[in-house]
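Residue numbers (the numbering used here), protein chains in the order written: chain G, 430 to 648; chain D, 2 to 694.
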């Protein structure tokens, strides 16, 4: 039986999302909450399989919850469910460890399908997100040239992952890329998952370095 | 100014070894310096010699050379104090000029000179005759044939001080006898030991008898050169001194103060040359005159050291300067004391002479130091100053020699003429320096003014920029706030409608409204993007939507990456148009295949999107409306808003072609400046009998 965390402040939407979750994951145990504070408590108490997290909440951003989940329950699949479709809102959530995003206004069928896919390990990747990821890793490579003996291992994308990212950034859909590269849908999905994972790892390493540097300055 | 470094420099360089370049440069520098110093010295010596020659010339001039005149070269001299000539015990015949220090040492009072004028040629002339006495120190009285004719002022002590004054005595024709005539001159004066300068020691100069007009000529010349010029120069010096003091006051320059005091003092001292009647006893007056040289020397040296300027501070340490001051002002006190003592021991002149030597040595030292420093600093007035100071040194030397009795001076006294001229030269230089400083200050002020103006303009510009930036920031913040509000309120409500409406149509409308809202917000807050990225976004959306609808899609992109910027407004509007077009294809066309071609014409600053489907085309309604439910009007309207155009070609049976042409940013911005034409860019051309609308 799956444990699902549902964080959404609007009651109607929460109810609606709940039915969606029940539809996608029949028989799942769903923990609902409308505030980050409650969500964090739940994270400490319950082991989840899937988390559906809204970003704009009365007491802050859902990114906090994504991050807490990533740290405490690394295996959970966090999905951001939001009204914002721009990479300014989505990218931080992905960095924090989200594995995909759903746009709330889509029809039940679309949402159900996408949620299903994410749960099965096929997260979406839009051109603008792909561009942000490319930018991010380019900047990282420039800031920290690869050194074998650094404390925090430098995360790099493989050539194939780069290839996929570049094609997404150019506007090709994932099935198209699969065809172009002669790869199965699942392989492409694995690359995307891997990209998200590396984005998260690299971001956390960066955050740790940043914290360390701030600590050094404070001392 | 030509310093002549080039020549001497190359000489120094050629002899120096290459390896020790530093020391070679040092040697070269020293050679240059030595060259300058020697040149300055040579100039000074040359000018000094010139002065000596000039002195000799004036001595000749003073003697007078009038052919018709008779120069009386001998006289019977008697040292008696009586009111008339009597042949005293020591009476003897002496040659003129007669300096008492040689012939009557220590004589204080009167000496009689008797001349026999028996040459008929000179006196029997018909024109009026006169006697010209070049110098008689301190005063003279003339008695002709027993008849007193002339005196130059007080003949009792204190005698009138006429040492530098010539005398002209007109001989009345009635008194002239055809045979022997007797001219008695009674000269009163002080012995050398009672005066402080040789020119004020008693003496009688040349006596000439001749026609009145010629004698008057000689007399006028002598008065002019001996007195008038001195007076004029004293006046000039006084004015210069005042001017220097004024400049010193304005500019707070100590050396100008010293120079002003020096020239004023010299002008004041000049009064000794022509002030005949002073009611002070001779001794007191002599002491006063002599003691004035001490402060004059002091200010002269202070001026030279001060004018040498800051380099002096390095050359002389501060305590040395204090020491110099103490010596200079100390001798101002000491000198009168020694003079009075000298008066008591009857050696006033020797004491004064010794002081003059001391002062001269001090001045020479100061001059040397000044020239050394000025030469080292390569100051532009080095040559002027070395010339001037060379002449000063020469004149001081001449003066000292005269006082010592080594050189004779008749008539015009060179020092009295040359010194004021030198002061004037230095003053001119100082004024020039002042004027230059003034000009520099004026230039600097103007430059400063200009700079201030420039900076003010820049500040204003920056301020405007900052203000604009600030406005921009505020606008940005406001846009973000509106965007957030829209998402939180309107978005949430629309979302609730989407997911709670029973009616499908309502939920679709709400969803579309939400998408519209999102695009609007993006248009409000979005950053400009690159055309390539926009094309990628459009492609991803169109291909995925058509793919989901089961319609084959072929997207033709330009191969190169196009870095042209695209405003978020254009991006959003184009997205809407594309969405509408794709929606039309999915909903109405029944097409199975869509070709979308994007083209960028950089030379026309536009890009073209052509959307072509193989559907059934847009049916022509009975009422002539082409696009019922197809959103064509809004597509065209949007294209028009972007200064572009949207052409729709459609015919039953052969699909629809939508040709969207939009300007790139540069063109759009230019368009934004001028209002778009009334019948704008959108037009519809219909194929297959479709009517334009």
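For each residue, glycine too, the CB sits at the ideal point set by N, CA and C.
For residue i, the three-state DSSP class (helix, strand or coil)
i                      : result
residue 502 of chain G : coil
residue 191 of chain D : coil
residue 527 of chain G : coil
residue 1 of chain D   : A query on residue 1 of chain D cannot be resolved here, the shown segment of chain D reaching from 2 to 694 and no further.
residue 115 of chain D : strand
residue 99 of chain D  : strand
residue 774 of chain D : In the structure as shown, chain D begins at 2 and stops at 694. Residue 774 of chain D is therefore absent and cannot be evaluated.
residue 515 of chain G : coil
residue 636 of chain D : helix
residue 306 of chain D : helix
residue 168 of chain D : strand
residue 322 of chain D : helix
residue 447 of chain G : helix
residue 563 of chain D : coil
residue 475 of chain G : coil
residue 649 of chain G : Past the boundaries of the shown model lies residue 649 of chain G; chain G is included only from 430 to 648, so the question cannot be answered.
residue 70 of chain D  : coil
residue 507 of chain D : helix
residue 427 of chain D : helix
residue 205 of chain D : strand
residue 140 of chain D : strand
Cα-Cα separation, residue i to residue j
i                      : j                      : result
residue 145 of chain D : residue 106 of chain D : 27 Å
residue 297 of chain D : residue 263 of chain D : 6 Å
residue 397 of chain D : residue 420 of chain D : 9 Å
residue 245 of chain D : residue 289 of chain D : 25 Å
residue 509 of chain G : residue 578 of chain D : 29 Å
residue 506 of chain D : residue 615 of chain D : 28 Å
residue 514 of chain D : residue 609 of chain G : 36 Å
residue 628 of chain G : residue 569 of chain G : 11 Å
residue 511 of chain D : residue 498 of chain D : 6 Å
residue 471 of chain D : residue 462 of chain D : 14 Å
residue 186 of chain D : residue 340 of chain D : 32 Å
residue 344 of chain D : residue 190 of chain D : 16 Å
residue 400 of chain D : residue 416 of chain D : 7 Å
residue 307 of chain D : residue 151 of chain D : 52 Å
residue 444 of chain G : residue 459 of chain G : 11 Å
Cβ neighbour criterion (16 or more within 10 Å) applied to residue i
i                      : result
residue 662 of chain D : buried
residue 362 of chain D : exposed
residue 600 of chain G : buried
residue 543 of chain G : buried
residue 436 of chain G : buried
residue 36 of chain D  : buried
residue 180 of chain D : exposed
residue 93 of chain D  : exposed
residue 553 of chain D : exposed
residue 673 of chain D : Caution applies to residue 673 of chain D, whose pLDDT of 46 falls short of 50 and renders its modelled position unreliable; the value that the coordinates give is listed next. Per the 10 Å Cβ criterion, exposed.
residue 99 of chain D  : buried
Beta carbon proximity, residue i to chain A, threshold 7 Å
i                      : result
residue 617 of chain G : The chain labelled as chain A is not found among the protein chains of the depicted structure, namely G and D.
Option nearest residue i by Cα separation, candidates the options
i                      : options                       : result
residue 76 of chain D  : D:501, D:115, D:43 and D:390  : D:115
residue 657 of chain G : G:439, G:622 and G:441        : Outside the displayed range of chain G (430 to 648) lies residue 657 of chain G, so it cannot be described from this structure.
residue 197 of chain D : D:112, D:500, D:656 and D:273 : D:273
residue 521 of chain G : G:565, G:556 and G:503        : G:565
residue 572 of chain G : G:434, G:431, G:448 and G:635 : G:635
residue 39 of chain D  : D:212, D:388 and D:110        : D:388
residue 634 of chain D : D:165, D:585 and D:652        : D:585
residue 525 of chain G : G:541, G:537, G:511 and G:493 : G:493
residue 631 of chain G : G:507, G:551, G:454 and G:562 : G:562
residue 462 of chain G : G:626, G:433 and G:531        : G:433
residue 251 of chain D : D:432, D:277, D:613 and D:182 : D:432
residue 266 of chain D : D:282, D:90, D:403 and D:292  : D:292
residue 697 of chain D : D:214, D:495 and D:545        : The requested residue 697 of chain D is not part of the displayed model; chain D covers only 2 to 694.
residue 552 of chain G : G:441, G:620, G:595 and G:567 : G:620
Residue i: CB within 6 Å of a non-hydrogen atom of the ligand HEM
i                      : result
residue 501 of chain D : Absence of the ligand HEM is noted for the structure shown, with no ligands found whatsoever.
Completely contained beta strand (DSSP E) runs for the segment 588-624 of chain D, where each covers 3 or more residues: 594-602 and 607-614
Alpha helix (DSSP H) runs wholly inside the segment 226-254 of chain D, at least 4 long, in chain order: 230-252
Minimum length 3: unbroken beta strand (DSSP E) runs contained in the segment 509-585 of chain D: 553-557
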